[in-house]
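Here the protein sequences line up with chains A and B, keeping their order. For the first sequence, the UniProt record's numbering gives the first residue as 1, with consecutive numbering after it. For the second sequence, the UniProt record's numbering gives the first residue as 1, with consecutive numbering after it. Input: a single structure, listed below in structure tokens.
Number of protein chains: 2
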Amino acid sequence: MARIYNFSAGPAVLPEAVLREAAEEMLDYKGTGMSVMEMSHRSKTFEEIIGDAEKTLRELINIPSNYKVLFLQGGASQQFAMIPMNLMKNRVADYINTGQWTKRAIAEAKMYGKVNVIASSEDKTFSYIPDVKHLKISDDADYIYICHNNTIYGTKYNELPETGDKILVADMSSDILSEPVDVSKYGLIHAGVQKNIGPAGVVVVIIREDLITDDVLPGTPTMLRYKIHADNNSLYNTPPAYGIYMCGKVFKWIQNIGGLEAMKKINQEKVAVLYDYLDASSMFKGTVVKKDRSLMNAPFVTGSDELDAKFVKAAKAAGFENLKGHRTVGGMRASIYNAMPIEGVKALVDFMKKFEEENKE
Amino acid sequence: MARIYNFSAGPAVLPEAVLREAAEEMLDYKGTGMSVMEMSHRSKTFEEIIGDAEKTLRELINIPSNYKVLFLQGGASQQFAMIPMNLMKNRVADYINTGQWTKRAIAEAKMYGKVNVIASSEDKTFSYIPDVKHLKISDDADYIYICHNNTIYGTKYNELPETGDKILVADMSSDILSEPVDVSKYGLIHAGVQKNIGPAGVVVVIIREDLITDDVLPGTPTMLRYKIHADNNSLYNTPPAYGIYMCGKVFKWIQNIGGLEAMKKINQEKVAVLYDYLDASSMFKGTVVKKDRSLMNAPFVTGSDELDAKFVKAAKAAGFENLKGHRTVGGMRASIYNAMPIEGVKALVDFMKKFEEENKE
């Protein structure tokens, strides 16, 4: 069996050790005589699985006790509706537009109230994070919404907007668990797990308890109310049980590495391998403003569509998968999530050097 | 490794052959060098996986070409809202109440319009299916809603309501693929997969194309519109990819058995093993009216709560898991889904006989 280096933006590479454990436990989870896929979600064994997953996540991110952790379905796309339906009491919210995913979040929120786009980086193809020091936050805004790491464009907030006593809501789908987070600065964090945590089909929501109320917009479906899931410890209905089990394994894997400080150090080292080369290369160039570079997603170009295509094809043939940039921006993108080993990034850079050498004018 | 006999109502037993295949492919799906969990949902390989799954399902159920198959998230509980939000043009619908899950569907639909409960079996703890020949279907009803198989109570429609040109909507979560279905009688069929198809976190929707429109209730979230998923072949956002892959394997497993006619025959044989004994036993009794018995779920009682508890405990110790009845009805329940081998039912009946012998007065 030959594992390739998978630079997919998501669903993405998972730790090999975790996949091995899952394969071993597939027919018989710890002597229960059944797969986790076959277990009642009301069983003691599954309650331990979901309880352990939550406990480990709380330890990893140091989640304060006045925050709930929910394991839900529907991905970030469903959160785009769930957030306004639950939080837009005043029917007004401020959004910062940093790419395709905030655009979708904005479009969805507009169905429920007034949306003020208080900053945007659309003028330069979202290659930077807008200035967050001089924001005009609306007096009547129920919350301020950001996408903390922008998968497609490779940008990340290295400084948070000052929102005062207003609620800050963040989509962390593509950088959750890549580095420590001060949860207390947020009212709500959501993250589809399929980039840095586990298999697609689970979305993690970390929400401050005072935001969990029955006071939701009229017509909010039961399944889209945070309160119903919080009151039932994410077991209101059958949860995506196997996905949660996998997430729990990845949480443990990160804990064994040494937690989020250790993870951040590793991620910084990994992305530096690529960016150091990009900054020196005369063929490849990173597209993101330096100070706003993501630890997870690094887009780059040669400047020639033809050469980009040649590179992606050659890289694929050499065992580097999913390096093609998002269809809306072109070029290349290497997603270097937690589970990508540094050997993968080094091998990629070696390959890029060779390609540059062989293709220079 | 000792696999036990798992009579769970769901999540439930899966075919052992399918679990073995999944374990083998966990680190490297067919030479791709990655797990299905790690694959981009936009990759050719995953498009083949979801395409094959749909194709096999269409062949199995013989789904007419004017029906779409969708793989969604949120389970039946989310369908309870999605159905009225998409179909309740006139804000009126008729529901037949056959248990807890129709109750929840009714409660949810009432948020969006007028619900007429045109028949109910609540008077006798849902132990039968109401007369469907003399229904008073409302002239202005947008659809008629039923739960085709009632997991908790062990009842099943062996005859469908005459709905004329009105749309019939059915929840088939607990009996889909247990026997052939004439899809053309329905406007929409939905089924959470965690009972008869695959791991929790996927819901299959089979919907007639003319019901897929942009004309939905105001405030319907994008993710709750059938049209957005139909237009994008269930890939509007990242789908629960691994679950869909597992479903595809189970579809193939049923096809290899000989399809739904063969499956029905096997299921009839299996449930007869249990009911033949129940009908003859002087200790255990089935609770369902004979003509309305489900092929999948068989609830039974001894008449004594104490003896019920003793039986469940002894059965568990002997390797028969999840025989306790639902908390709302008590007693016992054996869920005998497609993947339960007949040996499991025979072993259970042998155990019941022994228990009866040892515990008779």
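Every residue, glycine too, gets a C-beta built ideally from N, C-alpha and C.
Taking the Cα of Ala200/B as reference, the smallest distance to any Cα among Ile197/A, Ile244/A, Thr220/A is reached at Ile244/A.
The CB of Asn6/B comes closer than 7 Å to the CB of Met34, Glu38 in chain A, given here in chain order. Under the DSSP assignment, Ser77/B falls in the alpha helix (DSSP H) whose first and last residues are 75 to 87.
DSSP places Arg3/A outside both helix and strand once states are collapsed to three, so it counts as coil.
Contact annotation: in the stretch 191 to 216 of chain A, residues whose CB is within less than 8 Å of a CB in chain B are Gly192, Gln194, Gly198, Pro199, Ala200, Gly201, Val202. A residue is called buried when at least 16 other Cβ atoms come within 10 angstroms of its Cβ; Ile176/B meets this threshold and is buried.
Secondary structure of Lys30/B (DSSP, three-state): coil. Contact between Val203/A and Gly192/A holds: CB atoms are separated by about 5 Å, below the 8 Å threshold. Of the other Cβ atoms in all chains shown, fewer than 16 fall within 10 Å of the Cβ of Ile342/B; this residue is therefore exposed. Per DSSP, the beta bridge partners of Pro299/B are Arg333/B. Cβ neighbours of Ile212/B within its own chain (closer than 7 Å, five residues either side excluded): Lys68, Tyr226, Lys227, Ala230. Any Cβ of chain A closer than 9 Å to the Cβ of Thr102/B would place that residue at the interface, and such an atom is absent.
Cβ neighbours of Asp28/B within its own chain (closer than 8 Å, five residues either side excluded): Met34, Ser35. In this structure, Glu38/A keeps its C-beta atom at 9 Å or more from the C-beta atom of Asn62/B. The DSSP assignment places 114 to 120, 143 to 147 as complete runs of the beta strand (DSSP E) inside the stretch 111 to 155 of chain A, in order along the chain (cut-off: 3 residues).
For Leu278/B, the uninterrupted alpha helix (DSSP H) segment begins and ends at 259 to 280. Ala339/B and Phe284/B have their C-alpha atoms roughly 25 Å apart. Three or more beta-carbon pairs drawn from the stretch 151 to 158 of chain A and the stretch 286 to 306 of chain A are found closer than 8 Å, and the two stretches are therefore classed as touching.
Taken atom to atom, the span from the alpha-carbon of Arg208/A to that of Asp131/B is near 49 Å. If you ignore the 5 residues before and after Asn267/A, its C-beta comes within less than 6 Å of the C-beta of Ser178, Leu295, all in its own chain and listed in chain order. Taking the CA atoms as reference points, Tyr337/A sits about 25 Å from Met26/A. DSSP places Leu188/B in the strand class (E or B) of the three-state scheme. Counting other Cβ atoms within 10 Å of its Cβ, Glu54/A reaches 16 or more and is therefore classed as buried. When DSSP states are grouped into helix, strand and coil, Phe320/B belongs to the strand group. Chain order gives no chain B residues near Asn150/A, where near means a beta carbon separation below 8 Å; the closest approach is about 16 Å. Counting only residues of its own chain and dropping the five nearest sequence neighbours on each side, Met82/A has a CB closer than 6 Å to the CB of Leu224.
About 7 Å separates the beta carbon of Ser77/B from that of Thr222/A, a gap short enough to meet the 8 Å contact definition.
Cα atoms of Arg327/A and Pro240/B: separation of roughly 22 Å, rounded to the nearest angstrom.
Exclusion of the five residues before and after Phe320/B leaves Tyr5, Phe7, Leu348, Phe351 as the residues of its chain whose Cβ lies within less than 7 Å of its Cβ. If you check each beta-carbon in the stretch 232 to 244 of chain B against every beta-carbon of chain A, the ones closer than 8 Å belong to Tyr236, Asn237, Thr238, Pro239, Pro240, Ala241, Tyr242, Gly243. At least one beta carbon of chain A lies nearer than 9 Å to the beta carbon of Leu224/B. Taking C-beta separations shorter than 7 Å and ignoring five residues to either side along the sequence, the partners of Glu261/A in its chain run Pro180, following chain order. Beta-carbon to beta-carbon, Pro15/B and Gln194/B are separated by about 14 Å, too far to satisfy the 8 Å threshold. Shown here for Ser120/A: same chain residues with a beta carbon closer than 8 Å to its own, the five before and five after excluded, namely Ile96, Asn97, Thr98, Pro130 in chain order. Between Tyr275/A and Ala309/A, the gap from beta carbon to beta carbon reaches 9 Å or more.
For Ile63/A, the secondary structure class from DSSP, reduced to helix, strand or coil, is coil.
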